[in-house]
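Trainee: Before I ask anything, here is the structure I am working with.
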Amino acid sequence: MIRQLFDRVSCTYTYIVLDLKTRECVVIDPVMEQFDRDETLMKQWGYTPKYTLETHTHADHISAAKLFREKYKSKIAVSSYGLAKGADIYLKENDSISTEQISIKVLHTPGHTEESLCFLYKETIFTGDTLLIRGCGRTDFQGGSADDLYESVHSKIFTLPSETKIFPGHDYQGRLWSSVGEEKKHNPRLTQTKEQFKELMQNLGLSYPEKMNVAVPANSLFPDT
Ligand SMILES: [Fe+2]
């Protein structure tokens, strides 16, 4: 079972995958300011967090991974392709994070950042900022590359069965989830040619995220507690 939660300030989605048998859960992209909310829900459901997974080093919010580890000894799992230090597990392509009944497969999908990951769980993919609903993450910092993002999406996400459910890292317009088939058909960026896509991504003219200078260092260091 998957629960989807939203942080209104950063428009981030957090996902909690529940192991109904062991009553452990895996938390994907938890947000620091929402720790109390998430913890309360887990307590009410009777679940203990076993792992926290980060799709990438977020620039717009600070992860709650350290808080979960401090309180529940959950393991912090981050990309092995980045610079984060002090995590418990460094994930690479084809690794799995498992509990008795859950197995989440790791895909390395560089582009939004060079260490970005997607997580595949049964017929669902958690795409982080690699692929958003009718959009995608920016590619202009943290080793981002429009070329890589285009390749990652086309080779690792758009090759999945069309009914695969897409749970993105953010949405700014109130949409919750999508599917591979839907994005292959309607994503206005990723349906273009690679050259058109690269030009489009070069000309987005976005300002840097407000919290970037605080969030990136905080999300890159998980010191032992
Ligand atoms: Fe991001």
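For the sequence shown, this note's numbering begins at 585 and goes up steadily by one.
Quick reminder that beta carbons are idealized off the backbone N, C-alpha and C, glycines included.
Which residues does DSSP list as the beta-bridge partners of K659?
Mentor: Looking at the DSSP assignment, K659 forms a beta bridge with Y635.
Trainee: Under 8 Å between the Cβ atoms of T641 and E699?
Mentor: Yes, the Cβ-Cβ distance between T641 and E699 is below 8 Å.
Trainee: Less than 8 Å separating the beta-carbons of T714 and L744?
Mentor: Not a contact, by the Cβ cut-off of 8 Å.
Trainee: What residue does the beta strand (DSSP E) around T708 start on, and which one ends it?
Mentor: Unbroken beta strand (DSSP E) run through T708: T708 to G712.
Trainee: For V798, count the other beta carbons within 10 Å of its own beta carbon; 16 or more makes it buried, fewer makes it exposed. Which is it?
Mentor: Answer is exposed; the Cβ neighbour count stays below 16.
Trainee: Can you give me the C-alpha to C-alpha distance between D724 and V800, rounded to a whole angstrom?
Mentor: Each residue's alpha carbon lies about 15 Å from the other.
Trainee: Note down, in chain order, each residue of its chain lying with its Cβ closer than 6 Å to the Cβ of K669, except the 5 sequence neighbours on either side.
Mentor: Cβ neighbours of K669 beyond the five flanking positions: L805.
Trainee: Please tell me whether, using a cut-off of 7 Å, the distance from the CB of A643 to the nearest non-hydrogen atom of ligand 1 is below it.
Mentor: It does: the Cβ of A643 is within 7 Å (strictly closer) of some heavy atom of ligand 1.
Trainee: Would you say the beta carbon of G695 is closer than 7 Å to some non-hydrogen atom of ligand 1?
Mentor: No; taking the cut-off as 7 Å, the Cβ of G695 has no heavy atom of ligand 1 nearer than that.
Trainee: Check K810 in the structure and name its three-state DSSP category.
Mentor: As displayed, the chain neither begins before 585 nor continues past 809, which places residue 810 out of reach and without an answer.
Trainee: Alpha carbons only, please: which of C595, V601 and Y597 is nearest the one belonging to M585?
Mentor: The shortest C-alpha separation from M585 is found at V601.
Trainee: To the nearest angstrom, how far is the alpha carbon of D755 from that of P807?
Mentor: So the two alpha carbons sit approximately 30 Å from each other.
Trainee: For ligand 1, I want to know if G721 counts as a neighbour, meaning its beta carbon is within less than 7 Å of at least one of the ligand's heavy atoms.
Mentor: Because some heavy atom of ligand 1 lies under 7 Å away, the Cβ of G721 counts as near it: yes.
Trainee: Since E767 and L774 should fall inside the 8 Å C-beta cutoff, what is the C-beta to C-beta distance between them, to a whole number of angstroms?
Mentor: Sure, about 7 Å apart at Cβ, within 8 Å.
Trainee: By how many angstroms is the C-alpha of L651 removed from the C-alpha of L625?
Mentor: In a straight line, the C-alpha of L625 is about 15 Å away from that of L651.
Trainee: Report all residues from its chain with a CB closer than 6 Å to the CB of Y674; omit the five preceding and five following residues, and keep chain order.
Mentor: Hits under 6 Å: S664.
Trainee: Given a cut-off of 8 Å, decide if L790 and R722 are closer than it, judged by their beta-carbon atoms.
Mentor: In contact: R722 and L790 (Cβ atoms closer than 8 Å).
Trainee: Determine which residues share a DSSP beta bridge with D603 and list them.
Mentor: DSSP, once it has assigned bridges, lists E608 as partnering D603.
Trainee: So, T639 versus A649, is the Cβ gap smaller than 8 Å?
Mentor: Contact: no.
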